[in-house]
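What follows is a set of notes on a single structure, which appears directly below.
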Amino acid sequence: MRIALIQLNTGNIVADAVTAAESLIREAAAGGAVFISTPETTHLMEMNRKAVLEKACTQDEDLGLKRFRALAAELGVWLHIGSLITKVAEDRLANRAFLIGPDGEIKASYDKIHLFDVDLGGGEAYRESALYEGGKAAVVAKTPMGAFGLSICYDLRFAYLYRALAHAGADILLVPAAFTKPTGEAHWHTLLRARAIETGCFVLAAAQTGHHATGRDTFGHSLVIDPWGRVIADAGEDVGVTYAELDLAKCAEARQKIPSLTHDRDINVTTVDAK
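The numbering of the sequence shown is the UniProt record's numbering, which starts it at 1 and goes up by one.
Here it is, written out as structure tokens:
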């Protein structure tokens, strides 16, 4: 199965971002990819609260989503839009991923469960929960191409989510992201390889990259990792398309060698005061 990851430098003008993503999706399809994945916040990177609420649309009103659905149908590909900023109430948003089939229909969607509330130092802080509603359910989408476990960016730090996705049948984990530069440099490769090793899954992680219009810097390095934890494709820091070939038999092979999914236990923790 030939897949492609789209690495973007999304700005704060939705129409321009959709056009940029569409161009690369077309390139990926022309290059033979039958499954194409884009990063988190594919069509809008906006830090200002008032501006993002003005620019965001409901799912039914989102012209970018309609354009992506039409594009999947035109090209006859499976298209994973890593996430779109979706309005769910007058002053609340969801960070929502979409899996679109080659007929243009939305086959699955997923709202980011773990919200990015952190202080990185040097004045860089994020409070996603101030504006976004966290998702309530994990999602595995079983398709003719394989079973995809959906997640988004900060979810990556919560190993139990990926364990649950693997137990539910996932053999490909999707981790679209807009990782910050400092956290990406420190943890991106390590965490993604760990998720692959722990689950015996392929990991596909399409990423945002570079300096964005709102001043944010993202890490790039969209990755494809095999079930043994080997990096088989790394996009580096440039905007563009990265290809890889997936052989899902590798999942069974890795799980046979290290059958850790069959060894899970309910753990009772005893706390001892050892002063």
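Glycine is no exception: its CB is placed at the ideal position from the N, C-alpha and C atoms. Note that the structure is a prediction, hence the values are computed from the model and not measured.
Between the alpha carbons of Glu54 and Ile172 lies a gap of roughly 35 Å.
Note on geometry: alpha-carbon atoms of Gly240 and Pro182 lie some 22 Å from one another. The C-alpha of Arg230 lies about 7 Å from the C-alpha of Arg193. Glu185 and Gly122 have their C-alpha atoms spaced approximately 16 Å apart. Setting aside the 5 residues that flank it on each side, Ile81 is surrounded in the same chain by Thr38, Thr42, Phe68 and Phe98, each with a C-beta closer than 6 Å to its C-beta; the list follows chain order. Note that the region 22-31 does not touch the region 101-120; fewer than 3 beta-carbon pairs, one per stretch, sit closer than 8 Å. Per the DSSP secondary-structure output, His80 pairs in a beta bridge with Ser37 and Leu99. Put simply, of Glu237, Gly215, Thr242 and Glu198 the residue whose alpha carbon is nearest the alpha carbon of Pro227 is Glu198. For Asn268, the number of other beta carbons within 10 angstroms of its own is below 16, and it is reported as exposed.
A contact between stretches requires three or more CB pairs, one per stretch, nearer than 8 Å, and the region 78-92 fails this requirement with the region 113-120. Nearest Cα to His167 within the set Lys275, Val18, Ala17 and His263: His263.
Straight across, the Cα-Cα distance linking Asp62 with Asp16 is about 14 Å. Using a 10 angstroms sphere on the CB of Met47, the tally of other CB atoms stays under 16, which defines it as exposed. Boundaries of the alpha helix (DSSP H) harbouring Gly64: Leu63 to Leu75, taken from the DSSP string. In this structure, DSSP gives Cys251 a helical state, which the three-state scheme calls helix. Residue nearest to Leu75 within the set Arg49, Gly32, Asp217 and Leu84 is Gly32 (criterion: CA-CA distance).
Shown here for Phe179: same chain residues with a beta carbon closer than 7 Å to its own, the five before and five after excluded, namely Cys153, Trp188, Ala207, Thr218 and Phe219 in chain order.
Counting only the Cα atoms, Asp273 lies some 48 Å from Leu248.
Within 10 angstroms of the beta-carbon of Glu245 lie fewer than 16 other beta-carbons, which makes it exposed.
Excluding its 5 nearest sequence neighbours in each direction, Ala21 has C-beta neighbours in its own chain below 7 Å: Ile6, Leu8, Thr38, Thr42 and His43, listed in chain order. Listed as beta-bridge partners of Ser23 by DSSP are no residues whatsoever.
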